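Worksheet: the structure to be examined is printed underneath.
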Amino acid sequence: MTIVFCGGALAFQFVPVMPSRRAFLALALSVAFAGLAAWWLHGRWPRIGRGVVWLVALAVGFLYAGWRADMRLSEALPIALEGQDVVVSGVVASLPQAFERGQRFVFDLDEGPQPLPGRISLAWYDGPADRVGPAAPVLHAGQRWRLTVRLKRPHGNLNPHGFDYEGWLLQQGIRATGYVRPDGERALLDPAVAAFGLAVERLREGVRDRFRQALPEGRYAGVLIALAIGDQRAIPAEQWRVFARTGISHLVAISGMHVTMIATLAALLVGAGWRRSPALALRWPAQQAGVMAGFVVAWGYCLLAGWGVPAQRTLYMLGCVSLALVLRRDVAPSRVLAAALGVVVVIDPWSVLAAGFWLSFGAVAVLLLVSAGRLGPGGRVLSALRTQWAVTLGLVPALLVLFQQFSLVSPLANGIAIPLISFVVTPLALLFALLPLQMFADLAHGAMVLTMLPVGWLGELPGAAWQQAAPPVLLAWLATACCLWALLPRGTPARLVGLLPLLALLLWSPERPPDGRARVTVLDVGQGLAVHVQTARHDLLYDTGPAFSSDANSGERILLPYLRAVGVHRLDALVVSHQDQDHAGGAESVLTGLPVARVLVSLPANHPLRLIAGPRGEACATGQAWEWDGVRFHVLHPGEAVDEGRAGNTATCVLQVEAAGRRVLLSSDIEAVSESQILAREGGTLASEFVLAPHHGSRTSSSAAFIAATAPRWVIFPVGYRNRFRHPAADVWARWGASGAGLLRTDLAGAVSFEVGPVVAEPVAERERAPRYWHGR
Numbered sequence: 000m001t002i003v004f005c006g007g008a009l010a011f012q013f014v015p016v017m018p019s020r021r022a023f024l025a026l027a028l029s030v031a032f033a034g035l036a037a038w039w040l041h042g043r044w045p046r047i048g049r050g051v052v053w054l055v056a057l058a059v060g061f062l063y064a065g066w067r068a069d070m071r072l073s074e075a076l077p078i079a080l081e082g083q084d085v086v087v088s089g090v091v092a093s094l095p096q097a098f099e100r101g102q103r104f105v106f107d108l109d110e111g112p113q114p115l116p117g118r119i120s121l122a123w124y125d126g127p128a129d130r131v132g133p134a135a136p137v138l139h140a141g142q143r144w145r146l147t148v149r150l151k152r153p154h155g156n157l158n159p160h161g162f163d164y165e166g167w168l169l170q171q172g173i174r175a176t177g178y179v180r181p182d183g184e185r186a187l188l189d190p191a192v193a194a195f196g197l198a199v200e201r202l203r204e205g206v207r208d209r210f211r212q213a214l215p216e217g218r219y220a221g222v223l224i225a226l227a228i229g230d231q232r233a234i235p236a237e238q239w240r241v242f243a244r245t246g247i248s249h250l251v252a253i254s255g256m257h258v259t260m261i262a263t264l265a266a267l268l269v270g271a272g273w274r275r276s277p278a279l280a281l282r283w284p285a286q287q288a289g290v291m292a293g294f295v296v297a298w299g300y301c302l303l304a305g306w307g308v309p310a311q312r313t314l315y316m317l318g319c320v321s322l323a324l325v326l327r328r329d330v331a332p333s334r335v336l337a338a339a340l341g342v343v344v345v346i347d348p349w350s351v352l353a354a355g356f357w358l359s360f361g362a363v364a365v366l367l368l369v370s371a372g373r374l375g376p377g378g379r380v381l382s383a384l385r386t387q388w389a390v391t392l393g394l395v396p397a398l399l400v401l402f403q404q405f406s407l408v409s410p411l412a413n414g415i416a417i418p419l420i421s422f423v424v425t426p427l428a429l430l431f432a433l434l435p436l437q438m439f440a441d442l443a444h445g446a447m448v449l450t451m452l453p454v455g456w457l458g459e460l461p462g463a464a465w466q467q468a469a470p471p472v473l474l475a476w477l478a479t480a481c482c483l484w485a486l487l488p489r490g491t492p493a494r495l496v497g498l499l500p501l502l503a504l505l506l507w508s509p510e511r512p513p514d515g516r517a518r519v520t521v522l523d524v525g526q527g528l529a530v531h532v533q534t535a536r537h538d539l540l541y542d543t544g545p546a547f548s549s550d551a552n553s554g555e556r557i558l559l560p561y562l563r564a565v566g567v568h569r570l571d572a573l574v575v576s577h578q579d580q581d582h583a584g585g586a587e588s589v590l591t592g593l594p595v596a597r598v599l600v601s602l603p604a605n606h607p608l609r610l611i612a613g614p615r616g617e618a619c620a621t622g623q624a625w626e627w628d629g630v631r632f633h634v635l636h637p638g639e640a641v642d643e644g645r646a647g648n649t650a651t652c653v654l655q656v657e658a659a660g661r662r663v664l665l666s667s668d669i670e671a672v673s674e675s676q677i678l679a680r681e682g683g684t685l686a687s688e689f690v691l692a693p694h695h696g697s698r699t700s701s702s703a704a705f706i707a708a709t710a711p712r713w714v715i716f717p718v719g720y721r722n723r724f725r726h727p728a729a730d731v732w733a734r735w736g737a738s739g740a741g742l743l744r745t746d747l748a749g750a751v752s753f754e755v756g757p758v759v760a761e762p763v764a765e766r767e768r769a770p771r772y773w774h775g776r
């Protein structure tokens, strides 16, 4: 019943548009009548009554998730206040996170113009965009400030198989984002607001600071911070890649094993001490006292760890077990897991959107399935390896759907890492959190270094991880069910046959366009550009989006996950149109993350990307052309290869893609001067079905002559939401609209995909292909 209720809550998260309150009321009345009918049917036709009860539970879960969503969405930033300076006061409600130019934090409002959301996310930069100005103060959790801020409604990039930032903000209860105005009011009203939750955040911040001071050069200091307080943002990206390739990412978070270990230790210690006091033992059995003490300690650890889904799941399971022991009731492990599942979803209906939810509950479900020696006899080591193999097998479909990879060395890597991280590194890290002695920090870090020596070697093996395209969800569900069938006890009929759907899942690959056609995807990378062009057997990437900071860019965060999810294992060509960071910012990550056969650039000779490209690199110049699978590619600009002195917008590499006489013009950042040069050279060959609006629709581009020569059916503007350049310009938008072309902009449509060939299909916007009720809200 609990699983059916949670299924209803999950179903609501796929609703494209928020239902009206009348629809909710009608469904609630229907559920009430169905409940009465189930009660009446139960005595006469039990099976029918049980089926109706399941439908009622499904509808109740749907209604509950909808009620919670309606309450949360009601806290909306009025459109009129977007981009306006407003003075607010509130409390720093989270651990401030430092980044390259300032700090980012969650701010709970207690005063401001009405109506404003109660919780917002703010960035406090060291200065204005030119990096000149007063530095941001060092913020601490629990401080109360009055600030002048500029806000916008929740918005994120939306791409196929990409991270849904708007959904994550909804789950976190953050209903607006923005930044602190450098020239506005700023006043510290209270250095430490007295509240339990804020005191916990201050404690977590203090522990984090102690680790940073104790291990300023520690390679795995971020891992120790994550194990102690659940803050994973200090772990470098390269370490996450190693953890993913070896399948030990769950150990670096606050996993259920860590919470259980701490609770068990507390229960044993309290139970042993309780037995030594006859007065206490007579008042309350030592076993029950120990179990309750373990639960209290686990609750405190979960608070310190940031209250993640794996920690919550374990805490609620421990709570059920503790309650059963106190009440002297025998509770099946499956019911304990179901109870924890229900509590997590009731508290947070959006938890079903998190990868950790599925992996956490899925791993425990597999462990329960294969427990009690069902995998066969053997010693402890062999049993542990078999258990790891079973968990890996059971979670393979989920890992492929969520991350498009799973580790082939996971059983061995976990066999090494689980005992060391769980029973050595984590206890030492927690000891340092409680007793800040340098010795504990050094020992914890040294143990982590020793752990990663063999694990890192396993991660470097050529076949350490299996990567493939994101499979269809229905195929993944079928493979999951069949994997669980294969893990049933010996004697189950056709156990090994259950692995056949898994083989089909591993061999699955997405459909590519046929010969003579090209599929083009203009990705949503914010204020920047990245375009994927795919033919029957080749892939090209045109530009790589912006760099967000010195250690974050769209190549790492958007392009590589997207390319892997759609089944691209290598690029046949990478085109970097020019050196602006909103076009070349992710190129280095792409070049190091995927094999690239050819690199076409319009960059100065001394540009770092040319050095990285090496012999694969060549300068873009008019006249370059090639053909893949019946699709022709032709470089239209610049007129000659770029030298050291010319690498701006005037030297932008413009690419034309033609399939069956239908054309796509990828114009990047050309301006009116370059447009006139292209018109003079190409004449009547510019007519295109699709045109990428030059320079994001700026006023310096899209001349009337260029619009007339291209005469497109569709124009796509790659722009960021509320970008500071105010692209696209209103007059340019109107000019393209007057030509009769359909207009799309990535900030409102998300990624835009279309195919060109003998028949041209309508473009598909990602926000229309996979809409969710929170998008744009």
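Oh and the sequence shown: position 191 is 190 in numbering that gives the first Met the number 0, straight run, nothing missing. Backbone N, C-alpha and C fix where the C-beta goes; we use that ideal spot for every residue, glycine too. A quick note: this is a predicted structure, and the numbers were derived from the prediction, not measured.
### Query
E617 by DSSP, collapsed to three states: which one?
As a working note, residue 617 is residue 618 in the sequence shown. Correct three-state label for E617: strand.
#### Entry: Rounded Cβ spacing between P500 and A469 (contact assumed at less than 8 Å)
As a working note, residue 500 is residue 501 in the sequence shown. As a working note, residue 469 is residue 470 in the sequence shown. Contact flag wrong, Cβ pair sits at about 17 Å.
#### Entry: H792, buried or exposed, once every other Cβ within 10 Å from all chains shown has been counted against 16
Outside the shown range of the chain, which is 0 to 776, sits residue 792, and nothing can be said about it.
### Task
Could you tell me whether the Cβ atoms of Y720 and G584 are closer together than 9 Å?
Sequence index remark: in the sequence shown, residue 720 carries index 721 (1-based). Sequence index remark: in the sequence shown, residue 584 carries index 585 (1-based). The criterion of a C-beta distance shorter than 9 Å is not satisfied by Y720 and G584.
### Message
Out of T391, W53, S548, which one is the CA nearest neighbour of R369?
### Response
Numbered from 1 along the sequence shown, position 370 holds the residue referred to as residue 369. Reading off the sequence, residue 369 comes out as Val, not Arg. Here the closest residue by C-alpha is T391.
### Query
By how many angstroms is the C-alpha of W465 removed from the C-alpha of I173?
Reading the sequence shown from its first residue, position 174 is the one you call residue 173. Reading the sequence shown from its first residue, position 466 is the one you call residue 465. For I173 and W465, the distance between alpha carbons rounds to 36 Å.
### Task
Out of L76, L138, A68, V59, state which residue places its alpha-carbon closest to the alpha-carbon of A97.
Here residue 97 is taken as the residue at index 98 of the sequence shown, counted from 1. Considering only L76, L138, A68, V59, the residue with the shortest C-alpha distance to A97 is L138.
### Task
Closer than 8 Å by C-beta to E587: which residues in its own chain qualify, once you throw out the five before and the five after it? Chain order, please.
For the purposes of this step, residue 587 is identified with residue 588 of the sequence shown, where counting begins at 1. Around E587: N552, G554, P607, L608, I611.
### Helix, strand or coil at R103 according to DSSP, with G and I counted as helix
Here residue 103 refers to the residue found at position 104 when the sequence shown is read from its first residue. In this structure, R103 counts as strand in the three-state DSSP scheme.
#### Entry: Integer Cβ distance of A517 from V630, believed to fall under 8 Å
Position 518 of the sequence shown, counted from the first residue, corresponds to residue 517. Position 631 of the sequence shown, counted from the first residue, corresponds to residue 630. Cβ atoms of A517 and V630 come within 8 Å of each other, at about 5 Å.
### Query
How many whole angstroms separate the CB atoms of V308 and G355, which I take to be in contact at a CB cut-off of 8 Å?
One-based indexing of the sequence shown puts residue 308 at position 309. One-based indexing of the sequence shown puts residue 355 at position 356. Going by Cβ atoms, the distance from V308 to G355 rounds to 5 Å, so yes, they are a contact pair.
#### Entry: A475 - DSSP class collapsed to helix/strand/coil
Counting from one through the sequence shown, the residue named residue 475 turns up at place 476. Helix, per DSSP.
### Task
May I ask you to verify whether the segment 81-94 touches the segment 58-69, counting CB pairs closer than 8 Å and requiring at least 3?
Flag = no, the segment 81-94 and the segment 58-69 do not touch.
### Query
Can you tell me the Cα-Cα spacing of D129 and W732, whole angstroms?
Mapped onto the sequence shown, residue 129 falls at position 130. Mapped onto the sequence shown, residue 732 falls at position 733. The predicted model places D129 with a pLDDT of 46, which falls under 50 and marks its position as unreliable; any figure quoted below should be read in that light. The C-alpha of W732 is placed about 29 Å away from the C-alpha of D129.
### Query
For A304, which residues from the same chain have a beta carbon less than 7 Å from its beta carbon, with the 5 sequence-adjacent residues on both sides left out?
Numbered from 1 along the sequence shown, position 305 holds the residue referred to as residue 304. For A304, where only same-chain residues beyond five positions count, the Cβ hits under 7 Å are I228, G229, I253, A310.
### Task
Counting only the same chain and skipping the five closest in sequence on each side, list residues whose C-beta sits under 7 Å from that of L188.
In the sequence shown, counting from the first residue as 1, residue 188 sits at position 189. The answer, listed in chain order, is S88, R143, W144, R145.
### Query
To which residues of the same chain is P112 closer than 6 Å at the C-beta, ignoring the five residues directly before and after it?
Within the sequence shown, numbered from 1, the residue matching residue 112 stands at position 113. Contacts found: V85.
### Task
Just the C-alpha distance for L460 and R244, rounded to the nearest angstrom, thanks.
As a working mapping, residue 460 is identified with position 461 in the sequence shown. As a working mapping, residue 244 is identified with position 245 in the sequence shown. Rounded to the nearest angstrom, the two C-alpha atoms are 9 Å apart.
### Task
Determine the extent of the beta strand (DSSP E) in which Q96 is found, giving its start and end residues.
In the sequence shown, residue 96 corresponds to position 97, counting from 1. Looking at the DSSP string, the run of the beta strand (DSSP E) that includes Q96 is 96-98.
### Query
Mind checking S508: buried by the 16 CB within 10 Å criterion, or exposed?
Indexing the sequence shown from 1 puts residue 508 at position 509. S508 is exposed by the Cβ-count criterion.
#### Entry: Sequence-distant residues of the same chain with beta carbon closer than 6 Å to N648, five excluded per side
On the sequence shown, position 649 is the one that residue 648 refers to. The residues are D668, E670.
#### Entry: Simplified DSSP state of N605, which is helix, strand or coil
The sequence position of residue 605 within the sequence shown is 606, counting from 1. Note: N605 maps to coil in three-state DSSP.
### Query
According to the neighbour-count rule (16 or more other Cβ atoms, all chains shown, within 10 Å of its Cβ), is P348 buried or exposed?
On the sequence shown, residue 348 is found 349 positions in, with the first residue counted as 1. The residue in question, P348, is buried, as its Cβ has 16 or more Cβ neighbours within 10 Å.
### Cβ-Cβ distance between L559 and G592 below 9 Å
Along the sequence shown, one-based indexing puts residue 559 at 560. Along the sequence shown, one-based indexing puts residue 592 at 593. Their beta carbons are under 9 Å apart, which means L559 touches G592 by this criterion.
### Message
Let me make sure I understand the geometry here. Which of S697, R698, A737, T745 has the alpha-carbon closest to that of V718?
### Response
Start at 1 with the first residue of the sequence shown, and residue 718 comes out as number 719. Considering only alpha carbons, the answer is T745.
#### Entry: Cut-off 6 Å between Cβ atoms - residues of its own chain near L250, not counting five sequence neighbours on either side
The residue labelled residue 250 in the question sits at position 251 within the sequence shown. Hits under 6 Å: A416, I420.
### Message
Assess contact between the segment 318-329 and the segment 210-227, defined as three or more Cβ pairs (one per stretch) separated by less than 8 Å. Is contact present?
### Response
Touching, no.
### Start-end ranges of the beta strand (DSSP E) lying completely within the segment 254-291, minimum 3 residues
Entirely contained in the segment 254-291, not one beta strand (DSSP E) run reaches 3 residues.
### Message
Which residue marks the beginning of the alpha helix (DSSP H) containing H782, and which one marks its end?
### Response
With the chain covering only 0 through 776, there is no way to say anything about residue 782.
### Task
Classify N413 as buried or exposed, calling it buried when 16 or more other Cβ atoms lie within 10 Å of its own Cβ.
In the sequence shown, the residue the question calls residue 413 occupies position 414. Looking at its Cβ environment, which holds 16 or more other Cβ atoms inside 10 Å, N413 is buried.
### Query
Apart from the five residues just before and just after A750, which ones in its own chain have a Cβ nearer than 7 Å to its Cβ?
For the purposes of this step, residue 750 is taken as the residue at position 751 of the sequence shown. Excluding the 5 residues flanking it on each side, A750 has same chain C-beta neighbours closer than 7 Å at L157, N158, P159, T520, V521, L522, D523, E765, in chain order.
### Task
Determine the closest residue to L691 out of D542, R489, C619, E74, with distance taken between C-alpha atoms.
Translated into positions along the sequence shown, residue 691 becomes position 692. Of D542, R489, C619, E74, the residue nearest in Cα terms is D542.
### Query
Counting Cβ pairs, one atom from each stretch, are 3 or more of them under 8 Å apart for the segment 699-715 and the segment 674-688?
Two segments are said to touch when three or more pairs of C-beta atoms, one from each, lie closer than 8 Å; by this definition the segment 699-715 touches the segment 674-688.
### Task
Classify N552 as helix, strand or coil using the three-state DSSP reduction.
Within the sequence shown, residue 552 is the residue found at index 553, counting from 1. Strand, per DSSP.
### Task
With DSSP as the reference, label E765 as helix, strand or coil.
Taking the sequence shown and counting its residues from 1, one reaches residue 765 at position 766. Secondary structure of E765 (DSSP, three-state): helix.
### Query
When DSSP labels each residue in this structure, what does H568 get in the three-state scheme?
In the sequence shown, residue 568 corresponds to position 569, counting from 1. DSSP places H568 in coil when its eight states are reduced to three.
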